[in-house]
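Trainee: In the working numbering, the protein residues as written are 48 to 439.
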């Protein structure tokens with residue numbers, strides 16, 4: 048069993064040699080497969096590189112609909128399959144449970160296949176790392192860019208952000224079935240656009256700050272920045288059409304572009320481009336149990352984007368983001384999430400402190416204090432309210 052590493056800005060693997068040309072690193076999954084009905088081809092694709100017994104960790108909401116398809120595909124390609132059902136939160140306790148299950152269920156597995164949303168996939172990734180096997184991710188929504196990443200977000204049992212855990216490798220395969228994505232509630236695709244929309248602004252922030260590092264401890268690459276910019280542009284160009292397709296029961300070209308942006312481009316862009324204020328604020332917002340329980344990750348990231356752009360005094364981009372969020376159905380301000388920061392000052396202070404505890408928020412190009420960040424959140428909230436009124 049391999050021991051994981053927890054992401055820490057002072058960890059050995061993140062200390063890079065000083066100099067004019069610090070290390071740059073671009074990482075990605077080995078394969079990304081996207082299309083209509085591709086889940087039925089899982090076994091065929093997997094048999095090109097592996098054989099034996101495969102573990103499956105599946106979210107309970109998709110167990111009945113997808114487990115049979117997955118088992119038949121794996122069996123037809125010569126695999127046997129062992130299934131565990133995810134219990135809802137990506138905690139270290141849940142990871143330990145999954146590891147114990149697969150260690151005790153037979154002769155070992157050749158890979159662990161995660162099927163579900165971001166937390167299920169994060170848990171599969173951490174469990175696979177401990178088991179010493181590759182992970183395959185099959186997202187059932189396009190709500191986050193978690194499927195492509197090499198690291199996982201760890202929460203406590205109450206859903207409060209704890210840390211980020213680094214795994215040695217990105218997924219061996221990411222398999223995205225557009226028909227499955229289109230069948231998910233529309234809110235998940237919208238939330239994924241909120242998450243993906245932050246990618247360019249955070250990668251740019253990290254590129255412009257010489258002290259910033261990606262999750263792997265490297266400097267951002269120009270490739271990641273270009274991918275992040277394309278991610279944002281695809282969202283702006285095709286977001287509305289993609290939502291129309293889903294509302295009309297179709298998984299067409301516009302949806303395909305948005306799914307690729309939400310999952311692949313955003314995943315590559317953030318992991319090799321870096322995170323900054325938007326995700327720092329989003330993680331801080333999970334300190335409020337009401338927001339964590341009632342909101343999707345990308346909805347919180349949308350608030351983080353507004354805060355980051357206001358904090359950086361990029362008013363034109365903040366206005367563009369607000370227009371896009373309004374059109375897509377994402378929040379422009381905290382009141383839309385049921386949280387009035389002016390009436391809940393002590394909880395806002397907790398959110399600010401939790402945000403400051405997320406190390407990558409320090410990659411903003413100025414020294415962040417509690418007062419500065421709190422002011423930025425309040426100013427972004429006011430700006431979002433003004434934009435909402437003007438756009439109605």
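By construction, the Cβ of each residue, glycine as well, lies at the ideal position given by its N, Cα and C atoms.
1) Considering Cα atoms alone, identify which of 197, 187, 233 is closest to residue 217.
2) Between the alpha carbons of residue 137 and residue 214, how many angstroms are there, rounded?
3) Quick check: the Cα distance between residue 259 and residue 410, rounded to an integer number of angstroms?
4) List in chain order: all unbroken alpha helix (DSSP H) runs of 4+ residues lying wholly within the region 379-428.
5) What are the boundary residues of the beta strand (DSSP E) that includes residue 130?
6) Under three-state DSSP, which class holds residue 210?
7) In angstroms, rounded to a whole number, what distance separates the CA positions of residue 390 and residue 201?
8) Looking at the strands, I want to know which residues DSSP matches up with residue 441.
9) So, residue 236 versus residue 289, is the Cβ gap smaller than 9 angstroms?
10) Count the other C-beta atoms from every protein chain shown that fall within 10 angstroms of the C-beta of residue 439, then say buried if there are 16 or more, exposed otherwise.
11) Which runs of the beta strand (DSSP E) spanning at least 3 residues fall entirely within the region 116-190, listed in chain order?
12) Going along the chain, which residues of its own chain have a beta-carbon closer than 7 angstroms to the beta-carbon of residue 420, five neighbours each way excluded?
13) From the DSSP output, which residues share a beta bridge with residue 103?
14) When the Cα atoms are used, what is the spatial distance from residue 287 to residue 306?
15) Between the Cα of residue 348 and the Cα atoms of 242, 158, 265, which residue gives the shortest distance?
16) Just the C-alpha distance for residue 140 and residue 147, rounded to the nearest angstrom, thanks.
17) Within a Cβ cutoff of 7 angstroms, which residues of the same chain sit near residue 423, ignoring the five residues on either side of it in sequence?
18) Let me know if residue 336 comes out buried or exposed under the rule of 16 or more other beta-carbons within 10 Å of its beta-carbon.
Mentor: Short version:
1) 197
2) 15 angstroms
3) 5 angstroms
4) 392-403
5) 127-132 is the span of the beta strand (DSSP E), which, as asked, contains residue 130.
6) strand
7) 30 angstroms
8) The requested residue 441 does not occur in the structure, where the chain is confined to residues 48 to 439.
9) yes
10) exposed
11) 127-132, 158-163, 182-186
12) 399, 402, 403
13) 130, 160
14) 13 angstroms
15) Closest option to residue 348, Cα to Cα, is 242.
16) 11 angstroms
17) 354, 357, 358
18) exposed
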